[in-house]
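Okay, structure first, notes after.
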Amino acid sequence: MTEADNPHELGEAEFRATVHSFEFWFEAVEGYLHGRPYGVSPGLEEVDLTERQRDGLITTLCNYCVGETAALDASSGMIGFAPDRGAKIFLATQVVDEGRHLEVLLHRMKQLGVADPDAEIARRANRSLLKFKDRLLEFVDARDWEASVFAQNVILECLEFTVFRHHAGTADPVTAEMLRGIVSDERRHMGFGENDLGRRLLTAPHTHDRLYKIKRQLDSLVLDTFAETMGELGIEREERPDLAGDYLAAVARLGFRS
Amino acid sequence: MVDFLSNYSIQKWLESCPQGYLEDTIYGHGADEREPEELLQNDDYREQQIRTTVQLIAGERCALAASSGLVNAAPDQASKTFLATQTLDEGRHVEIFTQRLFDLGVKPNDLESTIATYINPHLGKFAEVLLEKIDKKDFVAGVVGQNIVLEGMAFSVFEMLHAGAEAANPKFARTLSGTIADERRHVGFGENRIGDLIRRYPEKKPEVQRMQRDMTKHMLATFHEAFARNGGPAEARPSAPQKGKPAPTYQGLNMAEASNEEMEGALSATVLKEFKTRLGRIGLEYQSPV
Numbered sequence: 002m003t004e005a006d007n008p009h010e011l012g013e014a015e016f017r018a019t020v021h022s023f024e025f026w027f028e029a030v031e032g033y034l035h036g037r038p039y040g041v042s043p044g045l046e047e048v049d050l051t052e053r054q055r056d057g058l059i060t061t062l063c064n065y066c067v068g069e070t071a072a073l074d075a076s077s078g079m080i081g082f083a084p085d086r087g088a089k090i091f092l093a094t095q096v097v098d099e100g101r102h103l104e105v106l107l108h109r110m111k112q113l114g115v116a117d118p119d120a121e122i123a124r125r126a127n128r129s130l131l132k133f134k135d136r137l138l139e140f141v142d143a144r145d146w147e148a149s150v151f152a153q154n155v156i157l158e159c160l161e162f163t164v165f166r167h168h169a170g171t172a173d174p175v176t177a178e179m180l181r182g183i184v185s186d187e188r189r190h191m192g193f194g195e196n197d198l199g200r201r202l203l204t205a206p207h208t209h210d211r212l213y214k215i216k217r218q219l220d221s222l223v224l225d226t227f228a229e230t231m232g233e234l235g236i237e238r239e240e241r242p243d244l245a246g247d248y249l250a251a252v253a254r255l256g257f258r259s
Numbered sequence: 062m063v064d065f066l067s068n069y070s071i072q073k074w075l076e077s078c079p080q081g082y083l084e085d086t087i088y089g090h091g092a093d094e095r096e097p098e099e100l101l102q103n104d105d106y107r108e109q110q111i112r113t114t115v116q117l118i119a120g121e122r123c124a125l126a127a128s129s130g131l132v133n134a135a136p137d138q139a140s141k142t143f144l145a146t147q148t149l150d151e152g153r154h155v156e157i158f159t160q161r162l163f164d165l166g167v168k169p170n171d172l173e174s175t176i177a178t179y180i181n182p183h184l185g186k187f188a189e190v191l192l193e194k195i196d197k198k199d200f201v202a203g204v205v206g207q208n209i210v211l212e213g214m215a216f217s218v219f220e221m222l223h224a225g226a227e228a229a230n231p232k233f234a235r236t237l238s239g240t241i242a243d244e245r246r247h248v249g250f251g252e253n254r255i256g257d258l259i260r261r262y263p264e265k266k267p268e269v270q271r272m273q274r275d276m277t278k279h280m281l282a283t284f285h286e287a288f289a290r291n292g293g294p295a296e297a298r299p300s301a302p303q304k305g306k307p308a309p310t311y312q313g314l315n316m317a318e319a320s321n322e323e324m325e326g327a328l329s330a331t332v333l334k335e336f337k338t339r340l341g342r343i344g345l346e347y348q349s350p351v
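These protein sequence lines map, in sequence, to chains P and S. Residues 2 to 259 in the numbering used here are what the first sequence spells out, letter by letter. Residues 62 to 351 in the numbering used here are what the second sequence spells out, letter by letter.
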């Protein structure tokens, strides 16, 4: 494997220039999107869902759309105050990723027979997630880079990564393949957040306390979102996966312990 | 409207752009294509090319700020997703033209100072007019300013540069052809999406037309200064290597023989004609800055 194949063998400046580029993004997504319109292999067959399963899935997809719209609005808004060209270009790739997630989720809802996805989203959106979205966009409107990266590329991406990964393990084959493609993108977005904030924390340790306070505010919204989502999916309390534990562990791996 | 917007989905964009005309390119050109040696070894040429490329970067940075700023202001999901693709297109353009500066010998540490040295001040004012509308989240004015005025200007400038570079600098010509294909899509969205909004909000017309007039004024000043300083595309000059091909032409002008005034006049006339046509299609009247 050459340096060009493995960016981790590059120096820091070169590493950032490489991974924050259109070229890197395209090579990354090509592997799992080529030949998969709307994120799904054309030959993949639908399985029959019960009415309850279908309804639960629609509610879940509506909430995924809320999260992805928040990420689309936030990542696009952050380009205007990103600190350097590499960050701006990385965020441009994230904008298209988030837009694609929204598009494939809406497409899936239409496949499930939803005639007016916008109306369904308004009707079924989870209140905690809407509050989270508002809080995130407040950070973006205030052009607060550290808080925005933290809320979006650490907290929201960890939330989505955790939920989508679990859901992909139990979902019907079409939904599962679509979600696996999204999870691959989320890994890249989390990596950006970890890298950007990691460097900042080294030079400004006091930032950690500030981000920790933000985390405490947002954690409660994230945990409420999990509880509501699993209730909507009709999962019995004793059968629910430990999404909260997984989420907190994912955030801790990025250096933000509870 | 829904049918028209479905042609601007991310799925369509993925198939036509990264998996289509950009397939097998690196920074928008073929992997084995390089800047011509003659250009790199001639300080005068190289500086002219650096100056030209800096203007492209400045324009694309403005387009990146504008398209990303419009996502949040878009009134529907389909417009948001189209603007997401445009955001990445513009980010890619910033990247490939920045890479071209590096290929022309600019050191990464000198990037910002090189841009500050060579940027045309009128282009900065042109961007300010547009970004003021974006800051106010004014979707209608923002899309007209970005997708009709800025993209219409970029489209014509790229075509002129492409005509000049086609024979003498295939690498740069290939880079430009990818951006031209992107700009064509952006202009198409602007025309299709905004016509409907202008009909619904006719009270927006005077303000939008004022913005168009101001942007046009700064654009023409940009062209004037650029041609006065730089002349036409460096590769189109009589002494440029044409690889045995006839001198390039643009709008009927022999680019190797035309004066700077003639080239400026041809480009300005082309852009203004495009503006009038496209603005007319969306129900706006072109406002002359004179």
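Where a beta carbon is used, it is the ideal one built from N, C-alpha and C, also for glycine.
Against chain P, with Cβ distances strictly below 9 Å, would Y179/S count as a contact? no
Output yes or no for whether 9 Å exceeds the beta carbon distance between T277/S and F336/S. yes
So, is D142/P buried or exposed, given that buried needs 16 or more other C-beta atoms within 10 angstroms? exposed
C-alpha distance - E244/S paired with L180/P, whole-angstrom precision: 32 Å
Within 10 angstroms of the Cβ of R271/S, are there 16 or more other Cβ atoms? Answer buried if so, exposed if not. By the neighbour-count rule (16 or more Cβ atoms within 10 Å), R271/S is not buried but exposed.
Which stretch, first to last residue, makes up the alpha helix (DSSP H) that contains T94/P? R86 to Q112
So R37/P packs on V155/S, CB below 8 Å; how close in whole Å? Their Cβ separation, rounded to whole angstroms, is 28 Å, which puts R37/P and V155/S out of contact at 8 Å.
Assigned secondary structure, N315/S (DSSP; H/G/I helix, E/B strand, else coil): strand
Under 7 Å by beta carbon: chain A residues contacting S22/P: No chain A is part of this structure, whose protein chains are labelled P and S.
With 16 as the cutoff for other CB atoms within 10 Å, does D85/S come out buried or exposed? exposed
From which residue to which residue does the alpha helix (DSSP H) around F165/P run? Segment E158 to T171, the alpha helix (DSSP H) holding F165/P.
Compute the Euclidean distance between the alpha carbons of R290/S and S76/P, then round it to the nearest angstrom. 39 Å
Can you list the residues of chain P that T146/S reaches, using a CB-CB cut of under 8 Å? V97 and G100
Taking the beta carbon of P52/P as the centre, do at least 16 other beta carbons fall within 10 Å, making it buried, or is it exposed? Per the sequence shown, residue 52/P should be read as Glu rather than Pro. Looking at its Cβ environment, which holds fewer than 16 other Cβ atoms inside 10 Å, E52/P is exposed.
CB contact below 9 Å: T3/P versus chain S: At T3/P, the pLDDT of 45 sits below 50, so the modelled position is not reliable and the matter cannot be decided from this model.
Using a Cβ-Cβ distance cut-off of 9 Å, determine whether N133/S contacts chain P. yes
Quick check: Y33/P and S185/P, are their CB atoms within less than 9 Å of each other? yes
Between the region 109 to 120 of chain P and the region 170 to 179 of chain P, are three or more C-beta pairs nearer than 8 Å? Touching, per the Cβ criterion.
Listing by chain order, which chain S residues have their CB less than 8 Å from the CB of L34/P? L75
Same chain only: Cβ atoms within 6 Å of G78/P, ignoring 5 sequence neighbours per side: The answer, listed in chain order, is V141.
Could you check whether G213/S and R342/S sit closer than 9 Å to each other, using their CB atoms as the reference points? In this structure, G213/S does not lie closer than 9 Å to R342/S by Cβ.
Can you pull the chain P residues whose beta carbon is under 7 Å from the beta carbon of I241/S, in chain order? Chain P residues near I241/S: none, gap ~17 Å exceeds 7 Å.
Other residues of its chain near I71/S: CB distance less than 7 Å, five sequence neighbours each side excluded: The answer, listed in chain order, is T142, A145 and T146.
Comparing C-alpha positions only, which one of M231/P, L249/P, E229/P and G182/P sits nearest to S42/P? Here the closest residue by C-alpha is G182/P.
With a threshold of 9 Å between beta-carbons, can L103/P be considered close to chain S, or not? yes
Any C-beta of chain P under 9 Å from that of Y88/S: Answer yes: the Cβ-Cβ gap between Y88/S and chain P drops below 9 Å somewhere.
The region 119 to 136 of chain P / the region 63 to 72 of chain P touching (three or more Cβ pairs under 8 Å): yes
Report the option in F91/P, E15/P and V67/P whose CA atom is closest to the CA atom of T226/P. Residue V67/P holds the alpha-carbon nearest to the alpha-carbon of T226/P among F91/P, E15/P and V67/P.
What residues from chain P crowd round K141/S, counting only those whose CB sits closer than 9 Å? Simply T70, L73, D74, S77, G100 and L103.
If we define contact as Cβ-Cβ less than 9 Å, is T176/P a contact residue for chain S? no
Quick one: which residues of the region 23 to 57 of chain P get their C-beta closer than 7 Å to a C-beta of chain S? List them in chain order. Within the region 23 to 57 of chain P, contact with chain S at the beta-carbon level (separation under 7 Å) is assigned to F23, E24, F27, L34, H35, P38 and Y39.
Alpha carbon to alpha carbon, how far is H102/P from L125/S? Give it in angstroms, no decimals. 21 Å
Going by DSSP in three states, I87/S sits in which element: helix, strand or coil? Looking at I87/S - three-state DSSP - the assignment turns out to be strand.
For T310/S, does the three-state DSSP call read helix, strand or coil? strand
In terms of alpha-carbon separation, which member of G152/S, L222/S and I259/S lies closest to Y27/S? Residue 27/S lies beyond the residue range present for chain S, which begins at 62 and ends at 351; the question has no answer from this structure.
Close Cβ partners of L222/P (< 7 Å) along its chain, the five nearest in sequence each way excluded: S129, K132 and F133
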